[in-house]
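Colleague: To start, I am sharing the structure in question, which I have written as structure tokens.
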Amino acid sequence: MAIEKLSARAVATAKEGKHEDGGGLRLVVSAKGSKRWVLRYTLNRKRREMGLGPYPTVTLAKAREEAMSARRMVFEGLDPITERKRTQVVIPTFEDCSTQFIEAHQAGWKNAKHASQWRNTLSTYAHPVLGALPVNAITVNDVRKVLDPIWTTKNETAKRLQTRIAKILDYAAALGHCDNDNPARWQGKLDALLPKPSSIQKVKHHPAMPYSEIGQFWKELDSQKRISATALRFLILTATRTSEVLETQWNEIDLDLAIWTIPAERMKMNKEHRVPLCAQAIELLKALPKVSESAYVFPGSRADKPLSNMTLLKLMRSMGFGKGSQKGDYVPHGFRSTFRDWAGEVSSYPRDIAEMALAHAIENKVEAAYRRGDLLEKRAHMMQDWADYIGS
0 MAIEKLSARA VATAKEGKHE DGGGLRLVVS AKGSKRWVLR YTLNRKRREM GLGPYPTVTL
60 AKAREEAMSA RRMVFEGLDP ITERKRTQVV IPTFEDCSTQ FIEAHQAGWK NAKHASQWRN
120 TLSTYAHPVL GALPVNAITV NDVRKVLDPI WTTKNETAKR LQTRIAKILD YAAALGHCDN
180 DNPARWQGKL DALLPKPSSI QKVKHHPAMP YSEIGQFWKE LDSQKRISAT ALRFLILTAT
240 RTSEVLETQW NEIDLDLAIW TIPAERMKMN KEHRVPLCAQ AIELLKALPK VSESAYVFPG
300 SRADKPLSNM TLLKLMRSMG FGKGSQKGDY VPHGFRSTFR DWAGEVSSYP RDIAEMALAH
360 AIENKVEAAY RRGDLLEKRA HMMQDWADYI GS
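The opening position of the sequence shown corresponds to residue 0 in numbering that gives the first Met the number 0, with each subsequent residue numbered one higher.
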């Protein structure tokens, strides 16, 4: 069989059709003019075709070289297609590499919860952006997209996250999956895109108490016997909005099922929201006196009106919290952020369960379309763990 029938000029000017070079190598030209190399061979009495790549990316000389290598494999009884798949280097995604990193290092971490904290911060903030990307394809701009939304609002969390991403990419580089020019490095990379952590001013909107301080605050709050203190405890235990708590009516509460159903008209997203009630929340509600002429769980000075928002603010100020105080510029609504930080950094619950607990909209439209339930049972376990953490 004659081989090397084609010339470089013949390949360059070839028209639609199949043009044989010999030895099973052919150039295939489509109706639109695109060209690709194909090698036909027979192994174990079976006819196979192997693509060698497009022309001109793969030149005539390169195609002949690849075809010769494949023919040698066939002569030795090997299938070149199978061998190519076997030898191809698979670059892991960031999510795969982060899983491998945690598994490789968790035995050396003193705190058993450390692995859960890593998983939660990565799944909450990093994986939605970086998770599906091969580690060798991640750029400094990709890392910036992860950090930007929380760099000024949750800077401690963001700094910790940046360090973790950098360590995972260093790990990937050590395994040969990417180069050593780490896109998550601060100096020379992110410092050109983000403000220095030391220059960031604390966010003034809904200042949130760190979850590490919630236990001590709870003890102080527990000594308060006013109905406003009970309302604030209920707000913290349920991680709900101030208006949702203060306007709660008894007909929304099912003490037997331990469920509080907030009607759509009182929800920010205009959608009914079921809140699982932990044992501590049920205990609070059962201890409340019912005012016969009021439908509200937390009535104000007038039975037909609920407590006002200012009542909870005044309570916190009387306890030494609020604007300009030494204890902290914290407000009631900020406890939702406290809960979210605890869920993401301390607990082992997935991000979507915490977001559902906060009645946040699912930003991913595809995910939202497939989300049928409200994860009530899983949220019930999470809210009980939150309550136990507060009281521990």
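Note that beta-carbon positions come from the ideal geometry of N, C-alpha and C, so glycine has one too.
Source: prediction; values computed, not measured.
Apart from the five residues just before and just after Arg-47, which ones in its own chain have a Cβ nearer than 8 angstroms to its Cβ?
Modeller: If we look at Arg-47 and ignore the five residues flanking it on each side, its Cβ neighbours are Arg-39, Tyr-40, Thr-41, Asp-78 and Ile-80.
Colleague: How would you label Asn-179, buried or exposed, when you count the other beta carbons within 10 angstroms and need 16 or more for buried?
Modeller: Counting Cβ neighbours within 10 Å, Asn-179 comes out exposed, since fewer than 16 surround it.
Colleague: If you reduce the DSSP assignment to three classes, tell me which class Leu-283 lands in.
Modeller: Leu-283: helix per DSSP, three-state reduction.
Colleague: Can you tell me the Cβ-Cβ gap for Trp-117 and Tyr-210, rounded? I've got them flagged as a contact below 8 angstroms.
Modeller: Contact flag wrong, Cβ pair sits at about 17 angstroms.
Colleague: Could you check which residue in Ala-257, Val-274, Leu-256 and Asp-255 has the C-alpha nearest to that of Ala-263?
Modeller: Among Ala-257, Val-274, Leu-256 and Asp-255, the Cα nearest to that of Ala-263 is on Val-274.
Colleague: Could you pull out every unbroken alpha helix (DSSP H) segment of at least 4 residues lying fully inside the region 195 to 278, listed in chain order?
Modeller: For the region 195 to 278, whole alpha helix (DSSP H) runs of length 4 or above, ordered along the chain, are 213 to 221, 226 to 237 and 241 to 245.
Colleague: With DSSP run on the structure shown, which of helix, strand or coil describes Pro-288?
Modeller: Pro-288: coil per DSSP, three-state reduction.
Colleague: On the DSSP bridge list, what partners appear for Lys-45?
Modeller: Paired residue(s): Leu-42.
Colleague: Given a threshold of 16 other Cβ atoms within 10 Å of its Cβ, counted over all protein chains shown, does Lys-188 qualify as buried or as exposed?
Modeller: Buried, since its Cβ has 16 or more Cβ neighbours within 10 Å.
Colleague: On the DSSP letters alone, give me the boundaries of the alpha helix (DSSP H) that Val-128 sits inside.
Modeller: Segment 126 to 129, the alpha helix (DSSP H) holding Val-128.
Colleague: Going straight from the alpha carbon of Asp-387 to that of Trp-217, what length do you get?
Modeller: Roughly 11 angstroms separates the two Cα atoms.
Colleague: Which residue from Trp-385, Leu-121, Lys-285 and Ile-164 puts its Cα closest to that of Val-139?
Modeller: Per the Cα distances, Ile-164.
Colleague: Can you tell me which of the three DSSP states Leu-375 falls into?
Modeller: Helix at Leu-375.
Colleague: From the DSSP output, which residues share a beta bridge with His-18?
Modeller: Note: His-18 sits in a beta bridge opposite Leu-26.
Colleague: What does a CB cutoff of less than 7 angstroms around Pro-196 pick up in its chain, not counting 5 residues either side in sequence?
Modeller: The residues are Asn-154 and Lys-158.
Colleague: Less than 9 angstroms between the beta carbons of Ser-97 and Ala-125, yes or no?
Modeller: Cβ distance < 9 angstroms, so Ser-97 and Ala-125 count as in contact.
Colleague: To the nearest angstrom, report how far apart Glu-75 and Ser-68 are at their CA atoms.
Modeller: Going from the Cα of Glu-75 to the Cα of Ser-68 covers about 11 angstroms.
Colleague: Go through its chain and collect everything with a Cβ distance to Met-381's Cβ below 8 angstroms, but skip five positions before and after it.
Modeller: Closer than 8 angstroms at the Cβ level, and outside the excluded window around Met-381, lie Ala-342, Ser-346, Tyr-348, Ile-352, Ala-353 and Ala-356.
Colleague: Could you tell me the boundaries of the alpha helix (DSSP H) in which Pro-79 lies?
Modeller: Note, Pro-79: alpha helix (DSSP H), 79 to 86.
Colleague: Determine the DSSP secondary structure at Phe-349, reduced to helix, strand or coil.
Modeller: According to the sequence displayed, residue 349 carries Pro and not Phe. Pro-349 falls in the coil class under three-state DSSP.
Colleague: In chain order, what residues of the same chain lie with their CB nearer than 8 angstroms to the CB of Gly-390, ignoring the 5 residues before and after it?
Modeller: Gly-214, Trp-217 and Gln-279.
Colleague: For Asn-250, collect the residues of the same chain with a Cβ closer than 8 angstroms to its Cβ; drop the 5 residues on either side in sequence, then sort them by chain order.
Modeller: Taken in chain order, the residues that qualify are Ala-294.
Colleague: Give the DSSP bridge partners of Gly-333, in chain order.
Modeller: Answer by DSSP bridge pairing: none, since Gly-333 is not bridged.
Colleague: Distance check for Glu-94 and Lys-322, CA to CA, integer angstroms please.
Modeller: One C-alpha to the other measures close to 41 angstroms.
Colleague: Kindly confirm or deny that the region 98 to 106 and the region 324 to 333 touch, where touching means at least three C-beta pairs closer than 8 angstroms.
Modeller: Contact fails: fewer than three Cβ-Cβ distances are below 8 angstroms.
Colleague: When DSSP builds the beta bridges, which residues end up paired with Trp-36?
Modeller: Answer by DSSP bridge pairing, in chain order: Leu-26 and Gly-52.
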